[in-house]
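Keeping their order, the protein sequence lines are chains A and B. The first sequence begins at 24 in our numbering and counts up by one. The second sequence begins at 24 in our numbering and counts up by one.
Number of protein chains: 2
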Amino acid sequence: MAVAEIDSLEQLLDKAGSEPLDKRELSEVKRILYGSPVETLQMSSEATKKADELEFQLSGYKFTATPEITRAPRIVRIGLVQNKIVIPTTAPVNEQMAALHKRLQDITEVAALCGVNVICYQEACSMPFAFCTREKIPWMEFAESAEDGPTIRICQEMAKKYNMVIVVPILERDSIHNDIIANTAVVIAPSGKVVGKSRKNHIPRVGDFNESTYYMEGNTGHKVFQTQYGRIAVNICYGRHHPLNWLAYGLNGAEIVFNPSATVGALSEPMWSIEARNAAIANNYFVGAINRVGTEEFPNEFTSGDGKPAHKDFGHFYGSSYIAGPNGSRTPGLSRTRDGLLVTEVDLNLNRQIKDKWCFQMTARYDMYAKELAEAIKPDFKPQIVHE
Amino acid sequence: MAVAEIDSLEQLLDKAGSEPLDKRELSEVKRILYGSPVETLQMSSEATKKADELEFQLSGYKFTATPEITRAPRIVRIGLVQNKIVIPTTAPVNEQMAALHKRLQDITEVAALCGVNVICYQEACSMPFAFCTREKIPWMEFAESAEDGPTIRICQEMAKKYNMVIVVPILERDSIHNDIIANTAVVIAPSGKVVGKSRKNHIPRVGDFNESTYYMEGNTGHKVFQTQYGRIAVNICYGRHHPLNWLAYGLNGAEIVFNPSATVGALSEPMWSIEARNAAIANNYFVGAINRVGTEEFPNEFTSGDGKPAHKDFGHFYGSSYIAGPNGSRTPGLSRTRDGLLVTEVDLNLNRQIKDKWCFQMTARYDMYAKELAEAIKPDFKPQIVHE
């Protein structure tokens with residue numbers, strides 16, 4: 024006989040406030056919240072020991088796909104990195120950057136021990152998230168060339184050394200184009216070659232996210248990078264609130280989309296588990312959502328446009344980086360407070376299998392929406408409203 | 024001193040398997056999962072008593088908005104109804120339909136006691152979800168006129184009696200257009216007038232959802248119905264997987280979008296809490312997601328396209344109806360197994376307040392996406408791929 028259905032997730036959560044959940048209850052909670060369970064991936068004792076020494080969390084999971092006759096599995100290990108800044112924001116910028124480089128080098132060395140093929144760091148990974156301050160000095164000194172800046176050069180070395188694709192989000196200074204600043208992710212091949220760059224398409228104007236003071240909406244479109252470990256795209260931070268942005272990477276054939284972010288608890292935390300995962304479901308690709316951790320303290324006070332007094336801290340950045348799959352499943356998140364490396368093995372064949380199953384693309388009616396969107400942007404657009 | 028941040032949602036869930044969560048832990052779990060808490064709305068003892076007698080769950084919640092100087096609050100009470108079929112699918116179709124009408128009348132009477140202004144029933148609310156069978160006989164006899172079919176006429180009476188807007192999803196037979204069948208929601212004003220109809224825009228071909236055997240993709244566009252209780256739209260069932268569909272209702276000015284659905288646990292449950300809520304966040308409107316409950320047994324066996332033996336049951340429909348707000352918050356869900364009425368009071372002013380806060384519309388770059396989408400549908404479309 025079938026086991027009785029549980030009444031609701033909410034009832035179980037309320038129960039958890041007064042007594043422990045039994046095994047089946049807990050597994051139902053997790054099924055509803057995380058989808059069909061991803062397997063745990065055991066990391067070597069060497070990697071685990073090293074992560075412990077370096078004081079960061081190391082977690083491993085695995086998505087599997089159905090074996091096919093005509094296609095071999097396409098197994099890729101993805102690494103997501105989240106970390107605090109290393110030394111105070113009052114230190115000279117070159118020292119701050121060097122300390123962050125060292126941290127990324129250490130974590131990437133462990134990622135290599137874990138067999139990671141593609142790694143992505145957090146947004147603006149070589150600096151504190153200083154855009155809350157609206158100050159240009161000294162923060163603009165973190166900006167660097169996306170072709171051969173100091174962070175890029177270090178990542179090129181690591182890419183070659185570990186035979187990895189590295190996705191490195193930086194603050195870019197584009198000296199070819201009159202010194203404009205951009206929020207940019209650079210994709211580096213295992214050969215060490217810079218494959219290309221992808222700029223942040225949507226720039227926030229909310230809370231302490233004063234980034235529009237520094238850089239404009241990206242002009243690199245929705246590039247997808249064909250690497251030996253699959254087709255990769257990068258949707259930076261606030262772009263995750265824009266379903267069209269996710270869609271456009273999908274239309275260009277992305278199989279893994281990274282969402283390197285910097286976002287804080289009071290503002291966005293209940294949306295964090297929704298948006299990137301919805302994108303993975305709707306577009307049938309893997310999404311790696313990355314958020315930094317910790318509270319960052321700045322030398323001078325600033326206000327947050329919320330009627331509250333000036334202050335010097337920006338945070339709490341709540342980490343919680345995770346991978347969402349095309350099938351509605353996701354990994355648990357990394358810690359909300361600790362540095363971490365999330366290793367996830369995926370079979371990229373799963374994407375097309377889920378497309379074939381759900382038919383979202385076949386049923387998408389893009390022609391209808393292309394027309395409706397073209398209408399909606401006209402100055403004389405008349406919404407389709409029916410009156411009572 | 025600030026209280027220490029919790030490590031992660033997952034750690035707390037694991038803890039719940041061996042010991043109770045303390046008050047703060049439980050409130051953190053709920054904050055991360057549901058956003059800033061919606062208030063509980065107390066229902067009258069008369070309504071509660073009646074719901075008990077009629078054996079359905081009655082829950083009430085409330086979203087508030089910041090008071091404004093230049094706009095009065097726009098308070099609306101929304102009712103979502105989920106229910107099982109009432110008598111077996113082997114009964115004559117007119118008796119099955121009459122039993123469902125009676126059930127909806129009973130629940131709507133309680134909704135009126137709760138001050139509900141706008142109510143929405145589940146998808147194809149006057150029939151079992153017989154599309155799994157691919158049989159036309161006798162199920163096509165449930166199809167009715169969207170202008171004056173039996174279900175519509177009963178809802179017109181209720182709309183007048185209770186001064187309610189009623190959104191009633193039916194199986195439509197369109198005799199003006201050569202007897203085609205459609206999956207349609209009809210919006211009825213408190214005057215009893217049929218304001219208009221909105222057809223299901225995206226039709227599934229997955230699992231037991233063989234609806235494409237019966238009806239085609241809707242041709243009513245993305246109508247928004249301006250009622251005295253706000254601007255309402257209806258995104259039926261499988262349309263919730265399509266972010267462009269949600270967007271188009273938003274572009275036409277929707278303030279509340281209903282998603283009447285019929286979906287089963289094994290297929291979609293982990294996606295249920297993601298998609299409608301993501302739409303509410305991305306488009307800054309309220310979404311009412313409704314799913315039927317129970318397992319429906321049909322007279323003749325059918326297969327599910329999954330290699331498994333023929334069977335007669337379709338389900339488990341897992342209910343879990345909920346309201347998601349424009350601010351990332353949501354109500355708890357109704358039961359996974361019981362009939363229910365979810366009453367949610369909202370201030371529609373919250374939508375624009377959140378638009379002003381987050382600026383998703385201002386930063387949306389629709390012009391860029393209109394162009395990209397127009398490109399993507401061309402036969403000679405060349406995806407933007409950068410090679411290693």
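Don't be surprised by glycine CBs; every beta carbon is placed ideally from N, CA and C. These numbers come from a predicted model, not from an experiment.
Taking 9 Å as the cut-off, decide whether the C-beta atoms of Gln119(A) and Phe165(A) are in contact.
-> Counting from one through the first sequence, the residue named residue 119(A) turns up at place 96. Counting from one through the first sequence, the residue named residue 165(A) turns up at place 142. The beta carbons of Gln119(A) and Phe165(A) sit closer together than 9 Å.
Does the separation of the CB atoms of Cys143(B) and Ile313(B) fall below 9 Å?
-> To locate residue 143(B), count along the second sequence from 1; it is residue 120. To locate residue 313(B), count along the second sequence from 1; it is residue 290. For Cys143(B) and Ile313(B), yes; Cβs fall inside 9 Å.
If you pair each beta-carbon of the region 214–222 of chain A with each one of the region 175–185 of chain A, do three or more pairs fall below 8 Å?
-> yes
CA nearest to the CA of Pro355(A), picked from Ile29(A), Arg54(A), Ala285(A) = For this step, residue 355(A) is matched to residue 332 along the first sequence. The candidate whose alpha carbon is nearest that of Pro355(A) is Arg54(A).
Is Asp37(A) helix, strand or coil when you go by DSSP?
-> Within the first sequence, the letter at position 14 stands for residue 37(A). Note: Asp37(A) maps to helix in three-state DSSP.
Cα-Cα separation, His245(A) to Leu77(A) = In the first sequence, counting from the first residue as 1, residue 245(A) sits at position 222. In the first sequence, counting from the first residue as 1, residue 77(A) sits at position 54. Distance between the alpha carbons of His245(A) and Leu77(A) is about 36 Å.
CB of Arg196(A) to nearest heavy atom of the ligand FAD: below 8 Å?
-> Looking at this structure, you won't find the ligand FAD or any other ligand, since it has none at all.
Indicate the three-state DSSP secondary structure (helix, strand or coil) for Met24(B) in the structure shown.
-> Residue numbering aside, residue 24(B) sits at position 1 when the second sequence is read from its first letter. Only weak support exists for where Met24(B) lies, its pLDDT of 44 falling under 50; the coordinates are left without a value.
Closer than 8 Å, Cβ to Cβ, to anything on chain B: give me those residues from the region 73–87 of chain A, in chain order.
-> none
Quick one: grab the DSSP three-state call for Gly273(B).
-> The residue labelled residue 273(B) in the question sits at position 250 within the second sequence. DSSP places Gly273(B) in helix when its eight states are reduced to three.
How about Ala347(B) and Arg300(B): do their beta carbons lie closer than 9 Å?
-> Against the second sequence, residue 347(B) aligns to sequence position 324. Against the second sequence, residue 300(B) aligns to sequence position 277. A contact, by the Cβ cut-off of 9 Å.
Output yes if chain B places a C-beta closer than 9 Å to the C-beta of Glu432(A); else output no.
-> Past the edges of chain A, shown from 24 to 411, lies residue 432(A), and the structure says nothing about it.
What separation, rounded to the nearest whole angstrom, lies between the Cα atoms of Cys260(A) and Tyr238(A)?
-> The residue labelled residue 260(A) in the question sits at position 237 within the first sequence. The residue labelled residue 238(A) in the question sits at position 215 within the first sequence. Here the alpha carbons of Tyr238(A) and Cys260(A) stand approximately 14 Å from one another.
is_contact[Ser358(A), chain B] using C-beta, thresh 9 Å | Sequence index remark: in the first sequence, residue 358(A) carries index 335 (1-based). Residue-level contact by beta carbon holds for Ser358(A) and chain B, with a gap shorter than 9 Å.
Say whether chain B places a C-beta atom closer than 9 Å to the C-beta of Val229(A).
-> Here the question's residue 229(A) lines up with position 206 in the first sequence. True, the Cβ-Cβ gap to chain B drops below 9 Å.
For the region 280–288 of chain B against the region 333–341 of chain B, are there 3 or more C-beta pairs whose distance is under 8 Å?
-> yes
Residues near Lys220(B) in its chain [Cβ-Cβ closer than 6 Å; skip 5 each side] = In the second sequence, residue 220(B) corresponds to position 197, counting from 1. Excluding sequence neighbours, Lys220(B) sits near Ala169, Thr207, Val209.
Of the residues Ala393(B), Lys107(B), Glu320(B), Thr71(B), the one placed nearest Thr156(B), counting alpha carbons only = What you label residue 156(B) is simply residue 133 of the second sequence in a count that begins at 1. If we check each option's Cα against that of Thr156(B), Glu320(B) comes out closest.
For Asp390(B), the nearest candidate out of Leu267(A), Met391(A), Gly311(A) (CA to CA) | The count along the second sequence starts at 1 and reaches residue 390(B) at position 367. Out of Leu267(A), Met391(A), Gly311(A), the CA that lies nearest to the CA of Asp390(B) is found in Leu267(A).
In chain order, what residues of the same chain have a beta carbon less than 6 Å from the beta carbon of Ala74(A), not counting five sequence neighbours either side?
-> The residue given as residue 74(A) occupies position 51 in the first sequence. Contacts found: Leu81, Val133.
Going straight from the alpha carbon of Phe152(B) to that of Gly138(B), what length do you get?
-> Walking along the second sequence from the start, residue 152(B) turns up at place 129. Walking along the second sequence from the start, residue 138(B) turns up at place 115. Looking at the two C-alpha atoms, the distance is approximately 30 Å.
Taking only beta-carbon positions, decide if Met385(A) is within less than 9 Å of chain B.
-> Indexing the first sequence from 1 puts residue 385(A) at position 362. Judged by the 9 Å Cβ criterion, Met385(A) is in contact with chain B.
Listed from N- to C-terminal order along the chain, which residues in the region 244–276 of chain B have their beta-carbon within a distance smaller than 9 Å of any beta-carbon of chain A?
-> From the region 244–276 of chain B, only Gly244, His245, Lys246, Val247, Phe248, Gln249, Thr250, Gln251, Arg254, Tyr261, His264, His265, Pro266, Leu267, Asn268, Trp269, Leu270, Ala271, Leu274, Asn275, Gly276 have a Cβ closer than 9 Å to chain A.
Shorter than 9 Å from the beta carbon of Met24(A) to some beta carbon of chain B?
-> Here residue 24(A) refers to the residue found at position 1 of the first sequence. Model confidence at Met24(A) stands at a pLDDT of 45, short of 50, so the residue's coordinates are unreliable and nothing is read from them.
What do you reckon, are the CB atoms on Ala393(A) and Ile400(B) nearer than 9 Å?
-> Counting from one through the first sequence, the residue named residue 393(A) turns up at place 370. Counting from one through the second sequence, the residue named residue 400(B) turns up at place 377. Yes; because the gap between Cβ atoms is below 9 Å, this pair is in contact.
Top-ranked residue by Cα proximity to Leu270(A), from Pro283(A), Phe309(A), Val190(A) | By one-based count along the first sequence, residue 270(A) stands at place 247. Selection Pro283(A), Phe309(A), Val190(A) evaluated against Leu270(A) yields Phe309(A) as nearest (Cα-Cα).
Note down the Cα distance separating Glu398(A) from Ile101(A), rounded to an integer number of angstroms.
-> Residue 398(A) sits at position 375 when you count from the first residue of the first sequence. Residue 101(A) sits at position 78 when you count from the first residue of the first sequence. The straight-line gap from Cα to Cα measures roughly 40 Å.
Exposed or buried, which one is Val26(B) when buried takes at least 16 other CB atoms within 10 Å?
-> As a first step, residue 26(B) must be located in the second sequence, where it is residue number 3. Per the 10 Å Cβ criterion, exposed.
Return yes when the Cβ of Ser344(A) is within less than 9 Å of the Cβ of Phe86(A), no when it is not.
-> As a working note, residue 86(A) is residue 63 in the first sequence. As a working note, residue 344(A) is residue 321 in the first sequence. Not closer than 9 Å, so no.
Sequence-distant residues of its chain with Cβ nearer than 7 Å to Ala147(A) (five each side left out) | Locating residue 147(A) in the first sequence gives position 124, where the first residue counts as 1. For Ala147(A), where only same-chain residues beyond five positions count, the Cβ hits under 7 Å are Pro192, Ile193, Leu194, Asn206, Ala285.
Meets three-Cβ-pair contact criterion under 8 Å: the region 362–378 of chain B and the region 366–375 of chain A | no
What are the boundary residues of the beta strand (DSSP E) that Val206(B) is part of?
-> In the second sequence, the residue the question calls residue 206(B) occupies position 183. A small correction: the amino acid at residue 206(B) is Asn; Val does not occupy that position in the sequence shown. Residues 203–211.
For chain A, find out if any of its Cβ atoms is closer than 9 Å to the Cβ of Lys46(B); answer yes or no.
-> As a first step, residue 46(B) must be located in the second sequence, where it is residue number 23. Output row for Lys46(B): interface = yes.
Chain-ordered chain A contacts of Tyr392(B) [CB-CB under 7 Å] = Along the second sequence, one-based indexing puts residue 392(B) at 369. In chain order: Leu267, Ala271, Leu396.
Between Val190(A) and Gln145(A), which are expected to be in contact by the criterion C-beta below 8 Å, what is the C-beta distance as a whole number of angstroms?
-> Start at 1 with the first residue of the first sequence, and residue 190(A) comes out as number 167. Start at 1 with the first residue of the first sequence, and residue 145(A) comes out as number 122. At roughly 11 Å, the Cβ-Cβ gap does not stay under 8 Å, so Val190(A) and Gln145(A) are not in contact.
Are the C-beta of Ala205(B) and some C-beta of chain A separated by less than 9 Å?
-> Locating residue 205(B) in the second sequence gives position 182, counting from the first residue. So no, Ala205(B) is outside the interface.
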